[in-house]
Amino acid sequence: MYVLGIDTSTEVCSAAVANDNGIISEYYLNAGYTHAEKLPGAVDFVLSQAGISLTELSCISTTTGPGSFTGLRIGLAFAKGLSVGTDIPLTAVSTFESIIYRIPVLSDELVVLIRSRKGEYYRAVFEPEMSNWKLTGDYHVVSEGDILKNINLDSKILITGIINYDLIENIKMKNKIEAVFLHSSYLRAYAASTAEIGVKKYKTGETVKPENLNPIYINKFLGIS
30 MYVLGIDTST EVCSAAVAND NGIISEYYLN AGYTHAEKLP GAVDFVLSQA GISLTELSCI
90 STTTGPGSFT GLRIGLAFAK GLSVGTDIPL TAVSTFESII YRIPVLSDEL VVLIRSRKGE
150 YYRAVFEPEM SNWKLTGDYH VVSEGDILKN INLDSKILIT GIINYDLIEN IKMKNKIEAV
210 FLHSSYLRAY AASTAEIGVK KYKTGETVKP ENLNPIYINK FLGIS
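For what it's worth, this note's numbering labels the leading residue of the sequence shown as 30, then goes sequentially.
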């Protein structure tokens, strides 16, 4: 089986092909929001590098957000078009799922942040469940001052996401906590993770029809119903 992964939730445009053994081919380009121009070529490239054709895919897995509204619309429209034209099923992966996919369970809480509008962030909080991360509560929009709202500051906290290092240092100093900040490769949602998650979801039957594939748009502020 082969799964095509697509991610356009940030300024990075990426595509990947995976199977049961992991990633076969991958492409990503950090060139601003040029997804409409770059995505078709990215998909052609990873299929070629994997040595397969579009019709050999078992599934198409795409990141559904939260993230760039324009980027998400482009990626989802492209995935839907491929699915409708080939009858290949789809799987939906949130940007949060993609970001945390390779993060080991080494803390009491994992706080994942994604930049939204100026001074605002999408936030998800995860806790350990055996060897995996489990989402606690809902996704929220938080202001910079509320990033750690409702978080147990006495616990061992891991923070990651699509943010900048200075922000986390300010948060740590303000709240007098020893949180660990994961950066580098953990800072992005990439199609490689989306493809590998797609393999698992396809095998467990977690597919969606094109008409039911929708972006995750969050406008729910923490503490506001």
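Just so you know, even glycine gets a beta-carbon here, dropped at the ideal spot from N, CA and C.
Residues that DSSP places opposite residue i in a beta bridge
i      : result
SER90  : GLY34, THR120
GLY104 : Answer is none; GLY104 lacks a bridge partner.
SER43  : ASP36, TYR57
VAL237 : LEU119
Neighbour-count burial assignment, residue i, 16 or more Cβ in a 10 Å radius
i      : result
THR233 : exposed
ASP36  : buried
GLU126 : buried
GLU55  : buried
LEU16  : Outside the displayed range of the chain (30 to 254) lies residue 16, so it cannot be described from this structure.
ASN181 : exposed
LYS205 : exposed
Proximity to residue i [Cα-Cα], best of the options
i      : options                     : result
ILE226 : ALA121, ALA65, ILE53, TYR56 : ALA121
ASP183 : MET202, TYR194, ALA208      : ALA208
Beta carbon proximity, residue i to chain C, threshold 7 angstroms
i     : result
ALA71 : You won't find chain C in this structure, because it holds only one protein chain.
Whole-angstrom distance between residue j and residue i, CA atom to CA atom
i      : j      : result
SER254 : ASP175 : For SER254, the pLDDT reaches just 35, beneath the cut-off of 50, and the residue's location in the model is therefore unreliable, although a value from the coordinates is still provided. Straight-line Cα distance between these residues: approximately 16 angstroms.
ALA65  : TRP162 : 33 angstroms
VAL72  : ALA45  : 7 angstroms
LEU119 : CYS42  : 19 angstroms
**OP:** Any chance you could list the alpha helix (DSSP H) runs of at least 4 consecutive residues sitting entirely within the segment 164–234, in chain order?
**Re:** 194–204, 220–232
Subject >> Complete beta strand (DSSP E) runs within the segment 123–155 (minimum length 3 residues, chain order) >> reply: 138–144
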